[in-house]
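A.B. asks: Per the working numbering, residue 7 is the first one in the sequence shown, and the count goes up by one each step. Sharing a structure with you now.
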Amino acid sequence: MSPEEGLRKSPKCWRDQQRIRREIARLFGKSQAEAALQGKVPYICGGRFMEAYLVSGDVLRIIDKIEASGRYPYSAGIYVGRLRRRKPALIPSVDFLTYLYSVLGRPLRALTVSESGLKPFLYGNDVLKASVIRCHPPIDEDEVVGVLGRDKVVYGVGLSKIASCRELRSLKPTDPVALNVFDVGWYVRGGTTLKERKFKLQG
């Protein structure tokens, strides 16, 4: 397939301020969503998967020119994450969580993990109670959480198995706190092939 044919078959994209705003507000709070979206335009591309982006006005003008030619960009701006029809409705990307935490000045809906726990996580394993240094609310069961190291870097996304940070006290050291949904080690493991899905959730 030529690059030009690939462009023609690219997924269709559209602007959807309400849906992205709603999902970010649901996870992180209304004021946090407003801060994250300031100066940005939510942009969705739908094909095999539905992916969300935040683009600036300058990038949007370039996108308009691309769309006017009957083509659509493969990706643009800050990758927010994947939208789903089932819970969790949004799997945020590492890039978006990094951007959001920077804008807010603190992590939300996240777990800070020790180095000994981070290493197995980066090989696709889950986060266990013994490796959790700090829990950053709000936390909900079967909802996404950011996974950070001591250096405050976002290394991945998990699916929480606890309904609140307080539940950590009652867990055994080997109990899972968050299932691995995505970790940056995926790129190193050769995850760009069909051997391993990028996000470990169906749908």
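Glycine residues also receive a C-beta, built at the ideal position from the N, C-alpha and C atoms. Owing to the predicted nature of the structure, the values given are computational and were not obtained by experimental measurement.
(1) Just how far apart, CA to CA, sit residue 55 and residue 70?
(2) At what residue ranges does the region 129 to 196 contain a whole run of the beta strand (DSSP E), taking only runs of 3 or more?
(3) In the DSSP output, which residue or residues are listed as bridge partners for residue 21?
(4) Got a sec, what are the start and stop residues for the beta strand (DSSP E) residue 76 sits in?
(5) Bridge partners for residue 118 per DSSP, in chain order?
(6) At the level of alpha carbons, what is the spacing between residue 79 and residue 155?
(7) Just to confirm, are residue 140 and residue 104 a CB contact at a threshold of 7 angstroms?
(8) Can we say the region 114 to 133 touches the region 79 to 96, given the rule of at least three CB pairs closer than 8 angstroms?
C.D. replies: Straight from the coordinates:
(1) Mapped onto the sequence shown, residue 55 falls at position 49. Mapped onto the sequence shown, residue 70 falls at position 64. A straight-line Cα-Cα distance of about 22 angstroms links residue 55 and residue 70.
(2) 138 to 142, 150 to 154, 160 to 166 and 182 to 189
(3) What you label residue 21 is simply residue 15 of the sequence shown in a count that begins at 1. Paired residues: 49.
(4) As a working mapping, residue 76 is identified with position 70 in the sequence shown. Careful: residue 76 lies outside any beta strand (DSSP E) and carries neither H nor E.
(5) In the sequence shown, the residue the question calls residue 118 occupies position 112. DSSP output for residue 118 lists 140 and 154 as bridge partner(s).
(6) Mapped onto the sequence shown, residue 79 falls at position 73. Mapped onto the sequence shown, residue 155 falls at position 149. Each residue's Cα considered, the two are about 33 angstroms apart.
(7) As a first step, residue 140 must be located in the sequence shown, where it is residue number 134. As a first step, residue 104 must be located in the sequence shown, where it is residue number 98. Contact: no.
(8) no
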